[in-house]
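One structure below.
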Amino acid sequence: MTIGLLVLTLMVPGSRSLKDKRSVLLPLFSRIRRSFNVSIGEVGDRDKRDQAVVAIVGVNSDKAQCNTTLLAIEHEVEAAEDLILSDFSVQFL
Numbered sequence: 827m828t829i830g831l832l833v834l835t836l837m838v839p840g841s842r843s844l845k846d847k848r849s850v851l852l853p854l855f856s857r858i859r860r861s862f863n864v865s866i867g868e869v870g871d872r873d874k875r876d877q878a879v880v881a882i883v884g885v886n887s888d889k890a891q892c893n894t895t896l897l898a899i900e901h902e903v904e905a906a907e908d909l910i911l912s913d914f915s916v917q918f919l
């Protein structure tokens, strides 16, 4: 069994408040949960209106498949028009 952890550092340009930031993040979280069957949450920079640190965790019996899933999520986030992906890391537990 492999547990994969993807940590994303995101910028939310144009966000004027925490409510604006969350209005961008929450639909993204729902879409990722629905498409990839992973757990996702904001774990850092919660009080900054234009930044977020997001953690995504997935479990799979195969490490390669787990890595493929996490990288697909990273590509989806990178393609989002209302966010800028400034950093990411992948770890396996």
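The sequence shown begins at 827 in the working numbering and counts up one residue at a time. Cβ coordinates follow ideal geometry from the N, Cα and C atoms, glycine included. Given the structure is predicted, the values throughout are model-derived calculations rather than measurements.
Under the three-state reduction of DSSP output, residue 919 falls in the coil class, being neither helix nor strand.
Of the candidates 843, 829, 831 and 838, the residue whose Cα lies closest to the Cα of residue 877 is 838. Going by DSSP, residue 905 is part of the alpha helix (DSSP H) stretching over 889-905.
Looking at the DSSP output, residue 837 shares a beta bridge with 877 and 910. Taking 8 Å as the upper bound for CB-CB distance, residue 836 and residue 897 are not in contact here, some 16 Å apart.
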